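For reference, the structure discussed in these notes is given below.
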Amino acid sequence: MNDRSNTIKARLLRLFGHGSRPLNQDSKNKFDEPTAVLAAILLGIAGTGVAMGMPLFVGSLAESLGFNEQQLGWIASADMTGLFIGSTVTAMLVEKTNRQRLAYVGLTLLIISNALSIQNQALMPLLMSRLVAGIGAGICYSTCTASLAGSRNTAWAYSLLLFVLVSMNAFIFFIFPIIDAQWGINGIFGFYLLEALPILLVVPLIPRYFEPAKQAHAEDTTDANSPVIPAALPRLCLASVFTFYIMVGAYWAFIERAGVDANISPELISDTLVWAQICSLSAAAFTVWLARHFGQSKPLIFALLLMSLSMLVMAQRIDQTTFIFSVFSFSFLWIFVDVFQLGTLSNIDHSGRYAALVPALQGVAQAIAPTIAGTILLYGEGYSSVMILCAIATALALLIFTNVYRKLIQVAPSLANAQ
Numbered sequence: 283m284n285d286r287s288n289t290i291k292a293r294l295l296r297l298f299g300h301g302s303r304p305l306n307q308d309s310k311n312k313f314d315e316p317t318a319v320l321a322a323i324l325l326g327i328a329g330t331g332v333a334m335g336m337p338l339f340v341g342s343l344a345e346s347l348g349f350n351e352q353q354l355g356w357i358a359s360a361d362m363t364g365l366f367i368g369s370t371v372t373a374m375l376v377e378k379t380n381r382q383r384l385a386y387v388g389l390t391l392l393i394i395s396n397a398l399s400i401q402n403q404a405l406m407p408l409l410m411s412r413l414v415a416g417i418g419a420g421i422c423y424s425t426c427t428a429s430l431a432g433s434r435n436t437a438w439a440y441s442l443l444l445f446v447l448v449s450m451n452a453f454i455f456f457i458f459p460i461i462d463a464q465w466g467i468n469g470i471f472g473f474y475l476l477e478a479l480p481i482l483l484v485v486p487l488i489p490r491y492f493e494p495a496k497q498a499h500a501e502d503t504t505d506a507n508s509p510v511i512p513a514a515l516p517r518l519c520l521a522s523v524f525t526f527y528i529m530v531g532a533y534w535a536f537i538e539r540a541g542v543d544a545n546i547s548p549e550l551i552s553d554t555l556v557w558a559q560i561c562s563l564s565a566a567a568f569t570v571w572l573a574r575h576f577g578q579s580k581p582l583i584f585a586l587l588l589m590s591l592s593m594l595v596m597a598q599r600i601d602q603t604t605f606i607f608s609v610f611s612f613s614f615l616w617i618f619v620d621v622f623q624l625g626t627l628s629n630i631d632h633s634g635r636y637a638a639l640v641p642a643l644q645g646v647a648q649a650i651a652p653t654i655a656g657t658i659l660l661y662g663e664g665y666s667s668v669m670i671l672c673a674i675a676t677a678l679a680l681l682i683f684t685n686v687y688r689k690l691i692q693v694a695p696s697l698a699n700a701q
């Protein structure tokens, strides 16, 4: 009878997305509490606002302040450099520091820096205020990913995160053209400032500390006789994140400009960006199904392959048809890659050390990429060359993670195909 009760309980837990964690941890893992997950996700919204809305953010900077392509790349890079700094510092502190304090610091920096961005919009002061904004965003997003890494069902947790972020991004692409038409770039800075204020209220719901006793190491998800996972493998996963986000940074910063350059109407560009985000919501739900049936590694490899091919299509010709195809495929596949990269690292270590480093690698890649792309454009190589850069970066991410997967198959098969 006891065994039957446990079986029924296990089935119910699987139904609600918690079947992968041991039964004796269900009531003890505070990182799986719905309020903790919700608070972490809301903090993630504050940390990803500029990165997700980058195309319209850059477009508004160009229209409102008249910066050239290279200067736009510098400003975008300042935000992403700050994201790297904030995330790196958070990754170093997150295991032993009160996570609520980290969240408060990050949100405060976001509020102050966006206020300063409204006050002084000369190039150098704006670069400094955007750097500080990026640091605040990095602290918020890294604290978010580290907290969600404590879940015993990482695909479910990160899919929920991406679902909410994509929904928010679709709203951003809907509301930003209205804000920009009315108030210009100051309205967008004001939006980011006001967005951070109510999130201060949910910070107390985030668990303060990670408790080592609840940590799930690689041996939790591998066979008992498997060797310890080599330290090089999670580092290679981070390298794959970095190269993939070289593509994201270059593509996302200039895709709106590429559409303008191809004489696509601003209305179609805006509508495409909005509807692509809305349609990609289905990908966030689909990731959980894929993880349960195929694990996380194989769908990740397939998504990277398709992403690289879609960039090559865009490199051949940028017109209305390829623009729509490219934006929709990018938005859809980006969800798979983000969820499964974060999920793989979290399955290796639920303490959040590696997951907290993901925003740092994303930040530095997105700091470098707009500058590289802007320089390519400055020397007249055109947006097709930027798309070739994106295809190469994605192909490198694919090669790196394929190598990780092959090694995991050898040393820890169940982790290689973990949900």
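Everything in the sequence shown is counted per the numbering used here, starting at 283 for the first residue and increasing by one. Just so it is clear, CB atoms sit at the ideal spot from N, CA and C, and this is done for glycine as well. Computed from a prediction, not measured in an experiment: that's the story for all the values here.
Tell me whether the beta-carbon of Ala673 lies closer than 8 Å to the beta-carbon of Met593.
Sequence index remark: in the sequence shown, residue 673 carries index 391 (1-based). Sequence index remark: in the sequence shown, residue 593 carries index 311 (1-based). Contact flag set, yes.
Considering Leu447, what are the terminal residues of the alpha helix (DSSP H) in which it resides?
To locate residue 447, count along the sequence shown from 1; it is residue 165. From DSSP, the alpha helix (DSSP H) with Leu447 extends over 436 to 465.
Figure out for me which residue from Arg517, Ser429, Asn451 has the closest Cα to the Cα of Leu487.
Taking the first residue of the sequence shown as 1, we reach residue 487 at position 205. Comparing Cα-Cα distances from Leu487 to each of Arg517, Ser429, Asn451, the minimum goes to Ser429.
Select from Thr370, Phe458, Ser547, Ile528 the residue whose C-alpha is nearest the C-alpha of Ile421.
Locating residue 421 in the sequence shown gives position 139, where the first residue counts as 1. Ranking Thr370, Phe458, Ser547, Ile528 by Cα distance to Ile421 puts Thr370 first.
State the Cα-Cα distance for the pair Leu408 and Ser359, rounded to the nearest angstrom.
As a working note, residue 408 is residue 126 in the sequence shown. As a working note, residue 359 is residue 77 in the sequence shown. Cα to Cα, the separation comes out at about 12 Å.
Could you pull out every unbroken beta strand (DSSP E) segment of at least 3 residues lying fully inside the stretch 390 to 426, listed in chain order?
The stretch 390 to 426 contains no whole beta strand (DSSP E) run of 3 or more residues.
In angstroms, rounded to a whole number, what distance separates the CA positions of Arg599 and Asn380?
Numbered from its first residue, the sequence shown carries residue 599 at position 317. Numbered from its first residue, the sequence shown carries residue 380 at position 98. Distance between the alpha carbons of Arg599 and Asn380: 50 Å.
Going by C-alpha distance, which of Ala322, Ala558, Ile323 is nearest Ile454?
The count along the sequence shown starts at 1 and reaches residue 454 at position 172. With distances taken between Cα atoms, Ile454 lies closest to Ala558.
Can you give the beta carbon distance from Phe614 to Leu582, rounded, assuming they're within the 8 Å contact cut?
For the purposes of this step, residue 614 is taken as the residue at position 332 of the sequence shown. For the purposes of this step, residue 582 is taken as the residue at position 300 of the sequence shown. Their Cβ separation, rounded to whole angstroms, is 14 Å, which puts Phe614 and Leu582 out of contact at 8 Å.
For Val484, collect the residues of the same chain with a Cβ closer than 6 Å to its Cβ; drop the 5 residues on either side in sequence, then sort them by chain order.
Numbered from 1 along the sequence shown, position 202 holds the residue referred to as residue 484. The answer, listed in chain order, is Ala321, Leu324.
For the alpha helix (DSSP H) containing Gln648, list its first residue and its last residue.
For the purposes of this step, residue 648 is taken as residue 366 along the sequence shown, with counting starting at 1. From DSSP, the alpha helix (DSSP H) with Gln648 extends over 635 to 660.
Which residue marks the beginning of the alpha helix (DSSP H) containing Asp246, and which one marks its end?
Given that the chain is displayed from residue 283 to residue 701, the structure contains no residue 246 and the question cannot be resolved.
Alpha carbon to alpha carbon, what distance is there between Thr569 and Arg303?
Within the sequence shown, numbered from 1, the residue matching residue 303 stands at position 21. Within the sequence shown, numbered from 1, the residue matching residue 569 stands at position 287. Annotation note: pLDDT 40 at Arg303 (below 50); position unreliable, no value reported.
Indicate the three-state DSSP secondary structure (helix, strand or coil) for Ile511 in the structure shown.
By 1-based counting over the sequence shown, the position of residue 511 is 229. The answer is coil: DSSP assigns Ile511 none of H, G, I, E or B.
Thinking C-beta only, is Ser342 closer than 8 Å to Ile551?
As a first step, residue 551 must be located in the sequence shown, where it is residue number 269. As a first step, residue 342 must be located in the sequence shown, where it is residue number 60. It is not a contact, given that the beta carbons lie outside the stated cut-off.
I need the straight-line Cα distance from Phe456 to Leu690, nearest angstrom please.
Indexing the sequence shown from 1 puts residue 456 at position 174. Indexing the sequence shown from 1 puts residue 690 at position 408. Phe456 and Leu690: Cα-Cα distance of roughly 42 Å.
What is the DSSP secondary structure of Asn699, reduced to helix, strand or coil?
Here residue 699 corresponds to residue number 417 of the sequence shown, with the count starting at 1. Looking at Asn699 - three-state DSSP - the assignment turns out to be coil, as it is neither helix nor strand.
With distances taken Cα to Cα, identify the nearest neighbour of Cys426 among Ala513, Arg635, Asn629.
Here residue 426 is taken as the residue at index 144 of the sequence shown, counted from 1. Residue Arg635 is the option with its Cα nearest to Cys426.
Can Leu587 and Leu680 be called in contact, C-beta distance under 8 Å?
Counted from its first residue, the sequence shown places residue 587 at position 305. Counted from its first residue, the sequence shown places residue 680 at position 398. A contact, by the Cβ cut-off of 8 Å.
So is Ala698 buried or exposed if we call it buried at 16+ other beta carbons inside 10 Å?
What you label residue 698 is simply residue 416 of the sequence shown in a count that begins at 1. Per the 10 Å Cβ criterion, buried.
For Trp571, does the count of other Cβ atoms within 10 angstroms reach 16, so buried, or fall short, so exposed?
As a first step, residue 571 is located in the sequence shown; it is residue number 289 there, counting from the start. Trp571 is exposed by the Cβ-count criterion.
Short of 6 Å in beta carbon distance, which residues of its chain neighbour Met450, apart from the five on each side in sequence? Order them along the chain.
Locating residue 450 in the sequence shown gives position 168, counting from the first residue. Excluding residues within five positions, the ones whose Cβ falls inside 6 Å are Ile327.
For Thr259, count the other beta carbons within 10 Å of its own beta carbon; 16 or more makes it buried, fewer makes it exposed. Which is it?
Absent from the model: residue 259. The displayed extent of the chain is 283 to 701, so no value can be given.
State the CB to CB distance for the pair Leu347 and Ile467, rounded to an integer number of angstroms; the pair is presumed to be in contact (CB under 8 Å).
Along the sequence shown, one-based indexing puts residue 347 at 65. Along the sequence shown, one-based indexing puts residue 467 at 185. That pair is a contact at about 6 Å.
Can you tell me whether Gln559 is helix, strand or coil according to DSSP?
Here residue 559 refers to the residue found at position 277 of the sequence shown. The answer is helix: DSSP assigns Gln559 an H, G or I state.
Hey, quick one: how far does the alpha helix (DSSP H) through Gln353 stretch, first residue to last?
The sequence position of residue 353 within the sequence shown is 71, counting from 1. Looking at the DSSP string, the run of the alpha helix (DSSP H) that includes Gln353 is 351 to 375.
How far does the alpha helix (DSSP H) with Glu685 in it reach, from first residue to last?
Taking the first residue of the sequence shown as 1, we reach residue 685 at position 403. Looking at the sequence shown, residue 685 is not Glu but Asn. Here the alpha helix (DSSP H) through Asn685 covers 665 to 693.
Which same chain residues, not among the five before or five after Gln648, have their C-beta less than 6 Å away from its C-beta?
Residue 648 sits at position 366 when you count from the first residue of the sequence shown. So the list reads Met362, Tyr527, Gly531, once near-sequence residues are dropped.
For Leu563 and Pro459, what's the separation of their Cα atoms in angstroms?
Locating residue 563 in the sequence shown gives position 281, counting from the first residue. Locating residue 459 in the sequence shown gives position 177, counting from the first residue. So the alpha carbons of these two residues sit roughly 21 Å apart.
State the CB to CB distance for the pair Val609 and Thr554, rounded to an integer number of angstroms; the pair is presumed to be in contact (CB under 8 Å).
Counting from one through the sequence shown, the residue named residue 609 turns up at place 327. Counting from one through the sequence shown, the residue named residue 554 turns up at place 272. That pair is a contact at about 5 Å.
How about Gly432 and Ser395: are their beta carbons less than 8 Å apart?
Within the sequence shown, the letter at position 150 stands for residue 432. Within the sequence shown, the letter at position 113 stands for residue 395. No, Cβ-Cβ distance for Gly432 and Ser395 is not below 8 Å.
Which two residues bound the contiguous alpha helix (DSSP H) that contains Ala322?
Numbered from 1 along the sequence shown, position 40 holds the residue referred to as residue 322. Taken as a continuous stretch (DSSP letters only), the alpha helix (DSSP H) holding Ala322 covers 316 to 334.
Suppose you measure from the CA of Ala415 to the CA of Gly364; what does that come to, to the nearest Å?
Sequence index remark: in the sequence shown, residue 415 carries index 133 (1-based). Sequence index remark: in the sequence shown, residue 364 carries index 82 (1-based). When rounded, the distance between both Cα atoms is 7 Å.
For Ser611, name the three-state secondary structure that DSSP assigns.
For the purposes of this step, residue 611 is taken as the residue at position 329 of the sequence shown. Helix, per DSSP.
Which same chain residues end up closer than 8 Å to Ala566 when comparing Cβ atoms and leaving out the 5 residues on each side of it in sequence?
For the purposes of this step, residue 566 is taken as the residue at position 284 of the sequence shown. Cβ neighbours of Ala566 beyond the five flanking positions: Ser441, Leu442, Leu444, Phe445, Val448, Ile617, Val621.
Note down the Cα distance separating Ala439 from Thr626, rounded to an integer number of angstroms.
As a first step, residue 439 must be located in the sequence shown, where it is residue number 157. As a first step, residue 626 must be located in the sequence shown, where it is residue number 344. Looking at the two C-alpha atoms, the distance is approximately 12 Å.
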